[in-house]
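Read top to bottom, the protein sequences are chains A and B.
Using this note's numbering, the letters of the first sequence map in sequence onto residues 4 to 265.
Using this note's numbering, the letters of the second sequence map in sequence onto residues 491 to 919.
Reviewing the structure listed below.
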Amino acid sequence: MRGLPDSRMATDRGARARGRRGKLARCVLVVGSIVAAGAAPAATAFEDTIAQRVLACTGCHGKEGRAAPDGYYPRIAGKPAGYLFNQLRNFRDERRHYELMNGLLELLDDTYLHEIADHFASLDLPYPPPLAPAGSAALREAGEALVRRGDPARGLPACNDCHGAQMTGLAPFVPGLLGLPRDYLNAQLGAWRSGQRRAQPPDCMAQVAQRLSLEDIGAVSAWLAAQPVPARATAPAAPTTPLPLACGGVAAAAGAASGTSR
Amino acid sequence: MKLAKASIAFAVVAAIVLLAAIAVVWLNRDDDAQHAADAAAPRPSDSELVARGEYLVRAGSCYGCHTVPGGAPYAGGRAIETPFGIVSAPNLTPDATGLAAWSSDDFWRALHNGRSRDGRLLYPAFPYPNYTRLMRADADAMFAYLRSLAPVVQQNRPHALAFPFDQPVALAVWRALFFRPARFEADSARSPQWNRGAYLVETLGHCNACHSRRNVFGATAGPLDLAGGLIPIQNWYAPSLRDDAEAGVGDWPDGEIVALLKSGVSARGSVQGPMAEVVARSTQFLNDDDLGAMATYLRSLPDGADAPRRATGDNDGGAVRSEAGAKLYTTHCAACHGDRGEGVAGAYPALAGNRAVAITPPANLVHIVVRGGFAPTTPGNPRPFGMPPFATVLSDEQVAQVLSHLRASWGHNAPQVSTLEVKRYRGAR
């Protein structure tokens with residue numbers, strides 16, 4: 004297990020043996036002077052920025068999300084900072100399960116996760132046009148009805164109630180729902196419904212997803228994925244009115260902002 | 491006549507079995523000698539005791555096994571996978587489901603004798619073969635700290651070991667063969683600092699739990715081994731601490747060793763994989779005196795290059811540069827690690843002259859390329875750089891090609907990496 008728990012390995016750039024110390028020192032000096040002289044080609048010139056430090060993220064997620072053999076790596080640029088921070092914590096603390104994410108974040112503290120979240124939230128990249136509508140028109144109509152009005156008879160709030168009238172999210176904790184592929188939306192709603200994806204309790208999104216049938220999820224995803232993203236897609240600040248459900252991610256994140264415990 | 495012979499044979503076998511049983515029981519007896527705290531020493535106040543206990547619990551790396559990710563610290567529940575099955579780490583908080591009913595004598599018995607409060611033998615995934623050498627005063631402080639935690643209700647889960655390892659008799663035999671209660675004996679020919687380092691490395695830190703080979707019964711050659719070994723299940727290779735071509739630090743200045751253990755990075759390298767967890771959960775919290783003592787001890791280890799042990803992989807070939815590997819390196823690696831493997835000081839490790847590149851088995855290289863990783867956040871390295879995972883980018887064959895390229899470049903001359911090896915290591919968690 005990861006858990007398992009563990010040295011032990013140190014990646015060393017040190018001498019391979021005592022006798023080589025002098026040689027290595029000379030090598031280091033040479034390398035140092037190359038770097039200092041800026042001899043490296045411009046394309047690889049090193050600048051110590053947060054973007055450099057998180058190349059491990061963009062390697063998979065790309066600038067705007069990226070499809071990979073094992074699934075879809077969603078866009079993270081421009082999502083609300085509090086939402087991104089919560090997801091980073093959820094992966095680190097294994098409320099969300101994806102081995103590569105769990106492993107990468109395992110030993111990072113809240114302070115650094117905040118900085119990473121703020122960095123990606125601050126990026127403002129244009130969205131690509133939506134994919135061609137999938138499913139029947141009737142299916143998408145049913146999806147739109149659920150998104151805009153919910154189903155009071157089943158205690159289902161409208162998506163708009165929390166995710167904003169334009170579904171571009173509410174800063175800082177609620178993500179937008181547009182610009183995501185249908186398969187990804189299906190997978191996330193399904194994971195929430197089955198308990199595979201979780202958030203801090205009370206887990207409002209789990210309550211919603213568990214009231215959705217698989218047909219509902221297909222309809223909502225089909226409609227959302229076919230919507231263009233508005234030109235100004237940044238999430239407006241959340242209104243002061245309470246959300247229809249209590250959400251641990253919203254409350255807990257506010258309380259944890261100053262914490263650094265892991 | 492025939493019957494008589496059979497009877498004699500039976501009697502002999504029965505006697506042998508009986509003697510063996512007696513031996514096993516005898517060899518499993520507790521060491522009940524009093525290990526009372528020095529009566530002359532002033533008794534620390536409760537808060538001092540708890541603070542010292544917290545420090546020692548961290549030095550003992552208890553958190554890693556006794557806490558689930560995102561869970562309450564020390565409330566147990568983590569499933570430790572071993573080659574013999576799953577051992578579940580118990581709840582150490584003072585709840586009825588944890589250690590509420592335990593006394594400091596019970597706690598001492600567990601650490602020193604490897605026996606639970608109810609007399610059951612404990613599985614050595616709990617590193618009591620190391621903790622047995624703890625000083626009683628330290629065990630009492632650790633217990634005082636655990637008693638000070640908020641009680642957490644979390645029922646212990648039963649272990650799930652395969653037959654015959656789930657049988658108490660099997661464990662008793664294992665202990666008869668590989669475990670005796672022991673005490674830490676200071677070496678009077680060495681400095682107090684060296685002895686403190688030895689105590690931290692061999693006893694609390696249980697470094698040999700990873701940094702040594704285990705035999706087919708899962709036993710190490712003892713806390714002094716430290717000659718490196720493949721960690722079962724995880725399949726990370728914990729390099730030898732006695733071999734300067736691996737992770738030996740015989741030629742390191744103390745300050746670099748302390749920096750590595752304190753912050754996870756030093757001018758000579760950074761920690762990855764399981765060792766990153768050790769720094770994050772344990773060594774970053776140790777004071778400079780103790781880290782300096784560990785450095786003194788580690789630097790004094792006799793050089794133990796162990797050539798036969800290195801020939802454990804499938805790598806029968808020597809270093810081979812391949813066109814494909816060079817191309818992959820240029821495409822995926824050179825932007826950070828440099829065209830000549832020079833890296834960027836303080837950000838991206840140089841691969842030229844990096845002894846981790848040439849270690850056999852190449853397990854850690856496979857993990858790092860496939861999973862990527864960040865060094866742990868520590869006060870000395872609060873914003874670590876990250877290596878991207880290439881799990882979805884490179885096939886097993888491509889990982890083998892690019893690693894073989896590294897191991898044949900910039901003066902490295904290490905055996906090539908086979909696709910089979912990559913497949914084997916990357917499948918492990």
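Even glycine gets a Cβ: it sits at the ideal position worked out from N, Cα and C.
Taking any Cβ of chain A, which residues in the stretch 870-895 of chain B have a Cβ under 9 Å from it, in chain order? Of all residues in the stretch 870-895 of chain B, only P872, R873, P874, F875, G876, M877, P878, P879, F880, A881, T882 and V883 come within less than 9 Å of chain A when Cβ atoms are compared, listed by chain position.
Scan the stretch 109-130 of chain A for residues whose Cβ lies nearer than 8 Å to a Cβ of chain B and list them as they occur along the chain. Hits within the stretch, in order: E109, L110, L111, D112, T114, Y115 and E118.
Any chain A beta carbon closer than 8 Å to B/A766: Chain A contact via Cβ: present.
Going by Cα to Cα distance, which pick from B/L893, B/A898 and B/R916 is closest to B/V907? Selection B/L893, B/A898 and B/R916 evaluated against B/V907 yields B/L893 as nearest (Cα-Cα).
Quick check: B/P874 and B/A881, are their CB atoms within less than 8 Å of each other? With respect to B/A881, B/P874 sits apart: the two C-beta atoms are not nearer than 8 Å.
Tell me which same chain residues have a C-beta within less than 8 Å of the C-beta of B/Y618, skipping the five on either side of it? Here the set comprises A600, L601, H602, N603, G604, L612 and F669.
Listed by chain order, chain B residues near A/Q55 by CB distance under 8 Å: Contact of A/Q55 with chain B by beta-carbon distance below 8 Å involves A837 and F875.
Using 8 Å as the threshold, is the stretch 91-102 of chain A in touch with the stretch 139-150 of chain A, meaning 3 or more CB pairs across them? Segments in contact, no.
Per-residue DSSP class, three states only, for A/Y75: In the three-state reduction of the DSSP assignment, A/Y75 falls in the strand class, which pools E and B.
To the nearest angstrom, how far is the alpha carbon of B/V663 from that of B/V514? Cα to Cα, the separation comes out at about 6 Å.
Determine whether the beta carbon atoms of A/I79 and A/H64 lie at a separation below 8 Å. Taking 8 Å as the Cβ cut-off, A/I79 and A/H64 qualify as a contacting pair.
Note the first and the last residue of the continuous alpha helix (DSSP H) segment covering B/Q644. Taken as a continuous stretch (DSSP letters only), B/Q644 belongs to no alpha helix (DSSP H), as it is neither H nor E.
Alpha carbons only, please: which of B/H822, B/A840 and B/G836 is nearest the one belonging to B/R830? Selection B/H822, B/A840 and B/G836 evaluated against B/R830 yields B/A840 as nearest (Cα-Cα).
In this structure, how does DSSP classify B/A523 when only helix, strand and coil are distinguished? The answer is coil: DSSP assigns B/A523 none of H, G, I, E or B.
Mind listing the chain A neighbours of B/G863? Cutoff is C-beta to C-beta under 8 Å, in chain order. For a Cβ distance threshold of 8 Å, residue set A59, G106 and L107 of chain A lies close to B/G863, ordered along the chain.
Going by Cα to Cα distance, which pick from B/H822, B/A890, B/M877 and B/R897 is closest to A/Q55? The shortest CA-to-CA distance from A/Q55 to any of B/H822, B/A890, B/M877 and B/R897 is the one to B/M877.
Cβ of B/P866 within 8 Å of any chain A Cβ: Taking Cβ atoms only, chain A reaches closer than 8 Å to B/P866, which makes this a yes.
What does B/P851 touch in chain A if you count any residue whose Cβ is under 7 Å from its own? Within chain A, no residue comes near B/P851; the closest Cβ sits about 12 Å away, beyond 7 Å.
Please name the residue in A/Y130, A/L159, A/I220 and A/G62 whose C-alpha comes closest to that of A/L188. Proximity to A/L188 across A/Y130, A/L159, A/I220 and A/G62 peaks at A/I220, based on C-alpha coordinates.
Report buried or exposed for B/R686, applying the criterion of at least 16 other Cβ atoms within 10 angstroms of its Cβ. B/R686 is buried by the Cβ-count criterion.
Run through chain B and tell me which residues come within less than 8 Å of A/C63, C-beta to C-beta. In chain order: P878, P879 and T882.
Expected contact under 8 Å - CB spacing of B/I570 and B/P729 to nearest Å: For a cut-off of 8 Å, the C-beta gap from B/I570 to B/P729 is around 22 Å, too long to register as a contact.
I'd like to know whether the C-beta of B/P682 is nearer than 8 Å to at least one C-beta of chain A. With a threshold of 8 Å between beta carbons, B/P682 makes no contact with chain A.
Between the C-alpha atoms of B/V540 and A/P239, what's the straight-line distance to the nearest angstrom? Using only the alpha carbons, I get a separation of about 48 Å.
Below-8 Å beta-carbon distance, B/P573 vs any chain A residue: Any Cβ of chain A closer than 8 Å to the Cβ of B/P573 would place that residue at the interface, and such an atom is absent.
If we cut at 8 Å on Cβ distances, does B/G566 have a partner in chain A? Not an interface residue.
According to DSSP, simplified to helix, strand and coil, what is B/T850? The answer is coil: DSSP assigns B/T850 none of H, G, I, E or B.
Could you check what DSSP says for B/I576 in three-state terms: helix, strand or coil? Under the three-state reduction of DSSP, B/I576 is assigned to strand.
Roughly how many angstroms separate the alpha carbons of B/L714 and B/Y553, rounded to a whole number? Spanning the two alpha carbons is a distance of roughly 23 Å.
In its own chain, which residues sit with a C-beta less than 7 Å from the C-beta of A/S36, not counting the 5 before and 5 after it? Confidence is the limiting factor: at A/S36 the pLDDT is only 33, short of 50, which leaves the residue's position unreliable, though a coordinate-based value still follows. For A/S36, there are no CB contacts under 7 Å within the same chain when 5 residues up- and downstream are skipped.
If you reduce the DSSP assignment to three classes, tell me which class B/F864 lands in. Strand at B/F864.
Could you compute how far the alpha carbon of B/L751 sits from the alpha carbon of B/D595? So the alpha carbons of these two residues sit roughly 32 Å apart.
Between B/D779 and B/Y689, what straight-line distance do the alpha-carbon atoms span, to the nearest angstrom? Annotation: B/D779 to B/Y689 spans about 13 Å, alpha carbon to alpha carbon.
Have a look at B/N854 and B/L509 and give me their C-alpha separation to the nearest angstrom. Straight-line measurement puts the Cα of B/L509 at about 46 Å from the Cα of B/N854.
Neighbour flag for A/F49 against chain B, beta carbons, 8 Å: Answer yes: the Cβ-Cβ gap between A/F49 and chain B drops below 8 Å somewhere.
Measure the alpha-carbon distance for B/D628 versus B/L636 and round it to whole angstroms. Approximately 12 Å between the Cα atoms of the pair.
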